[in-house]
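Colleague: Would you mind keeping the following structure in view while I ask a few things?
Numbering (our numbering), first residue to last: 16 to 336.
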């Protein structure tokens, strides 16, 4: 079994947040794309009390970024962030939290910080994450989130120590780089500890498979084009709506195309992943059903990013409902 560990993708760690990580918001679409490729998706989140010892407020004479002693451990002083129940502690907008199979909170003890998703910084208490994964026979974890040189790094190192095969998806993380070179050093440290470092395309592949139901008129236009390109939209069709799930495309065909025209086809086509990342996805039913919204004026660009022909995977007639 394989699990995706989504580390601390919370509002306060996004640009403009209390402890914003540069480019932190850019990883959200990548993380969402990765989720369906795993048996389990697990998130961690900082969930601090208001009086947490890592906050700058209680430490007179200390500034953000200073290293202090906190109950016998070196502690970096941070701005107040991710206070339990506040908007800053909420998961990032657009992050598919409905796909989380578990959420583990850390940093809940005011007397000690917790960068790792497995333990606090003193290894005094564990979060229960390792046991949760073992109960579900997970042997391999892939780590994404914020920030590369802090919570992501410590989670990955602890995962190795706990005996999990551990992979870091580098472009699905971003770092603080508090001191120049911190991110590079963090990557080197993880690599030396046995963490495999990859990019998301190595997991996802270069293309996305999409499905679209069509009626007789659109089918004839596809035939005329040799199933090599999508025909232009009509004025009353400003958006092109492919979906990510074949069963859902069949459902649409049965509920809409068949009653309207008496016949329908479900098509399958592949599009280069990089092209699709700028277009919104809408959840349309169930955990795995998503619909892309591509403006009609961008359809020619989509055609230029097709990978192979448009295929017909189902033909539907009223008797086959």
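In this text, a Cβ means the ideal position worked out from N, Cα and C, and glycines have one as well.
(1) Just to check my reading of the structure: residue 41 and residue 96 have Cβ atoms closer than 8 Å, yes? What is that Cβ distance to the nearest angstrom?
(2) Have a look at 178, 171 and 179 and flag the residue whose alpha-carbon is nearest the alpha-carbon of residue 185.
(3) Where in the segment 84 to 171 do unbroken runs of the beta strand (DSSP E), each at least 3 residues long, occur, reported from the N-terminal end onward?
(4) For residue 314, decide whether its Cβ has a neighbour in chain C, counting only Cβ atoms nearer than 8 Å.
(5) Using the three-state DSSP reduction, which class does residue 217 fall into: helix, strand or coil?
(6) Mapping the DSSP letters down to three states, classify residue 189 as helix, strand or coil.
(7) Suppose only complete runs of 4+ residues qualify. What are the alpha helix (DSSP H) ranges in the segment 294 to 329, listed by chain order?
(8) Below 8 Å, how does it come out for the segment 52 to 60 and the segment 191 to 207: are there three or more Cβ pairs, yes or no?
(9) Who pairs with residue 283 in a beta bridge, going by DSSP?
(10) Would you tell me roughly how many angstroms separate the C-alpha atoms of residue 215 and residue 48, rounded to the nearest one?
(11) Could you compute how far the alpha carbon of residue 232 sits from the alpha carbon of residue 281?
(12) Smallest Cα separation from residue 218: which of 156, 165, 235 and 237?
(13) Does the distance from the CB of residue 273 to the CB of residue 310 come in under 8 Å?
(14) Measure the C-alpha to C-alpha separation of residue 66 and residue 147 and round it to an integer number of angstroms.
Modeller: Taking the coordinates as given:
(1) Counting from 1 along the chain shown, the entry for residue 41 is found at position 26. Counting from 1 along the chain shown, the entry for residue 96 is found at position 81. The pair is not a contact, with the Cβ atoms about 20 Å apart (cut-off 8 Å).
(2) Locating residue 185 in the chain shown gives position 170, counting from the first residue. Minimum Cα distance to residue 185 is reached at 171.
(3) 88 to 91, 117 to 121 and 155 to 161
(4) The displayed structure is made up of one protein chain only, and chain C is not part of it.
(5) Counting from 1 along the chain shown, the entry for residue 217 is found at position 202. Correct three-state label for residue 217: helix.
(6) As a position in the chain shown, residue 189 is number 174, starting the count at 1. Strand at residue 189.
(7) Under the rule that a run must span 4 or more residues, the alpha helix (DSSP H) segments found entirely inside the segment 294 to 329 read 314 to 319.
(8) no
(9) Mapped onto the chain shown, residue 283 falls at position 268. Paired residue(s): 226 and 326.
(10) Locating residue 215 in the chain shown gives position 200, counting from the first residue. Locating residue 48 in the chain shown gives position 33, counting from the first residue. Distance between the alpha carbons of residue 215 and residue 48 is about 9 Å.
(11) Locating residue 232 in the chain shown gives position 217, where the first residue counts as 1. Locating residue 281 in the chain shown gives position 266, where the first residue counts as 1. Cα to Cα, the separation comes out at about 14 Å.
(12) Against the chain shown, residue 218 aligns to sequence position 203. Comparing C-alpha distances from residue 218 to each of 156, 165, 235 and 237 shows the shortest one belongs to 156.
(13) Mapped onto the chain shown, residue 273 falls at position 258. Mapped onto the chain shown, residue 310 falls at position 295. It is not a contact, given that the beta carbons lie outside the stated cut-off.
(14) Indexing the chain shown from 1 puts residue 66 at position 51. Indexing the chain shown from 1 puts residue 147 at position 132. The alpha-carbon atoms of residue 66 and residue 147 are separated by roughly 29 Å.
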